[in-house]
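Below: one structure, written as structure tokens.
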Amino acid sequence: MRMYDLINQKKRGNALSPEEIRFMVEGYTKGAIPDYQMSAMMMAICFQGMNEEETLALTLSMRDSGEVLDLSRIDGIKADKHSTGGVGDKTSLVLAPMVAALGIPVAKMSGRGLGHTGGTIDKLECFPGFTTGLSREQFYQNVNQVKMAIMGQTAELAPADKKLYALRDVTATVDQLSLIASSIMSKKLASGADAIVLDVKTGSGAFMKTENDAFALAREMVQIGKNAGKKISAVVTDMDQPLGNAVGNSLEVKEAVLSLNGLGPADFMEVVYALGTEMVLAAGKADDPLEAEAMLKETIRKKTALDKFAEFVEAQGGEKRFVYQPELLPAAGIQLQVMNTEHGFVGGIQAEEIGLANLILGGGRTAKDSVIDLSVGILLHKKRGDALMPGEILATVYAADMEQAKEAYGKIVRAYRIQPDRPETVPMIKGIIR
Ligand code: URA
């Protein structure tokens, strides 16, 4: 087999066989196929696309390029959830303990924030001592005992995707649906859960800006999961404004703790319940969505999810008293209020701009090894649909530096779209693909 012939074949619009795809992925991972040939192949795929069989073969080859976790030593149906990323997305911090409190084992791999989007691991590191660098043994043990563990994505997991993603990033070949779907799913399949729930975000703060693209990606990932023998569903959710009110690591952890105490923002909780319902159904703990949602609500009412979160934080080395006293979490010294000057309604809030404001404050990464300030961020007091009077506070900026606070202030003002009439209600849940 020669890579030259495979490129030619794809260029002419002919499908590649699973054997040819495996040859290409294995060769590229071990360095036998050079970047320039793989770049040509990625571009050919961008123009010609891939069919279902090719997409599955690419996903499985990337999954098998490294370690595939074996969770068979953990009892029950192991559930995982993945978000395509957004602003203010602290969903896992609330969802995982709710589901675990129902006895469903949650074995989750999470990442760090990059660019304007946040990451679960950074948020959890607000708890002094907390670590996601668990050994495999510890991870299995925690899921068995606590019913919930979160591990950082390791270099051994789907190394082919890592190499390929870096190549796509610099050859303008990221935005091809089958390539995105196989990239995400190779990592999910390698992390070994039986049931996968995907949160595919759409809107100004999301990777998929349009609903059409989000649904297409959701369908493609669900198909891959099914073909790989997993229980899988995808919920397409709104990311046209930040989720909830808090953006920034420590502020988001505080909001997650508030939510576990029954005081979560409505938009955020709607997404949490929709995803949680899918996880409970996949685990076979309820027969219908209404029953699943009622069970999840009970974990908030009885505070079993809050206690589960504290147990999880402690099991991974963190101080659990911070869960019960979130005022102990890091808080930035400067607080600057963003004032409204107009009459009207909030028509929208550009989520990406708010994420970038957090980046200016030092709360996000511009490079993989950037050191971030966990204490900074933005608290939004007005969201889409809220009525406004001049002199009201739109948001509070939490900063460590006045110059950065002022720059973020300007960005936040520009992110708000204020209009004379109340906008139509936008549904948080756009649809579910099962
Ligand atoms: N996230 C991934 O992991 N891969 C992609 O290709 C795009 C987003």
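Counting the sequence shown from 1 gives a position; this note's numbering is that position plus 502.
All C-beta atoms, glycine included, are put in the ideal place defined by N, C-alpha and C.
Nearest-angstrom Cβ-Cβ length linking residue i and residue j, presumed shorter than 8 Å
i	j	result
residue 602	residue 596	11 Å between Cβ atoms; not a contact.
residue 612	residue 936	The pair is not a contact, with the Cβ atoms about 24 Å apart (cut-off 8 Å).
residue 653	residue 636	5 Å
residue 688	residue 552	Between residue 552 and residue 688 the Cβ distance is about 14 Å, and since that is not below 8 Å, they are no contact.
residue 824	residue 629	5 Å
residue 770	residue 746	4 Å
residue 874	residue 864	6 Å
residue 698	residue 645	With a Cβ gap of about 15 Å, residue 698 and residue 645 do not count as contacting.
residue 848	residue 789	Not really, about 40 Å apart at Cβ, beyond 8 Å.
residue 928	residue 740	6 Å
residue 882	residue 842	The pair is not a contact, with the Cβ atoms about 12 Å apart (cut-off 8 Å).
residue 862	residue 910	5 Å
residue 948	residue 776	Residue 948 is absent from the model: the chain starts at 503 and stops at 936.
Where residue i falls, given that 16 or more other Cβ within 10 Å makes a residue buried
i	result
residue 546	buried
residue 690	buried
residue 449	The first residue shown for the chain is 503 and the last is 936, placing residue 449 beyond what the model contains.
residue 623	buried
residue 811	buried
residue 905	exposed
residue 580	buried
residue 549	exposed
residue 540	buried
residue 554	exposed
residue 512	buried
residue 866	buried
Top-ranked residue by Cα proximity to residue i, from the options
i	options	result
residue 692	885, 813, 610, 555	610
residue 898	905, 839, 843, 912	839
residue 631	768, 824, 820, 906	820
residue 648	639, 635, 599	599
residue 760	935, 827, 562	827
residue 885	871, 864, 874, 921	921
residue 566	528, 536, 533	528
residue 721	512, 683, 633	683
residue 755	670, 627, 685, 677	627
residue 643	678, 818, 805	818
residue 764	927, 778, 801	801
residue 833	880, 859, 794, 867	880
residue 535	662, 703, 753, 894	662
residue 766	503, 748, 752	748
residue 561	791, 744, 724, 903	724
residue 744	707, 520, 523	707
residue 809	795, 762, 797	762
Reduced DSSP secondary structure (H/G/I, E/B, other) of residue i
i	result
residue 712	coil
residue 637	coil
residue 685	helix
residue 932	strand
residue 488	Residue coverage of the chain in this structure runs from 503 to 936, which leaves residue 488 outside it and unanswerable.
residue 913	helix
residue 648	helix
residue 891	coil
residue 697	strand
residue 725	helix
residue 804	coil
residue 550	helix
residue 541	helix
residue 919	strand
residue 941	An answer regarding residue 941 cannot be provided, because it is not within the stretch 503 to 936 covered by the chain.
residue 864	coil
residue 796	helix
residue 748	strand
Contact under 9 Å by Cβ, residue i with residue j
i	j	result
residue 931	residue 773	yes
residue 584	residue 857	no
residue 530	residue 665	yes
residue 855	residue 913	yes
residue 593	residue 715	no
residue 694	residue 853	no
residue 564	residue 508	no
residue 829	residue 822	no
residue 900	residue 915	no
residue 709	residue 587	yes
residue 737	residue 604	no
residue 659	residue 569	yes
residue 571	residue 752	no
Proximity test, Cβ basis, 9 Å: residue i and chain B
i	result
residue 749	Absent from the structure is chain B; it holds one protein chain and no more.
Proximity test, residue i beta-carbon vs the ligand ADP heavy atom, cut-off 8 Å
i	result
residue 682	Summarising the ligand content, the structure contains the ligand URA and does not contain the ligand ADP.
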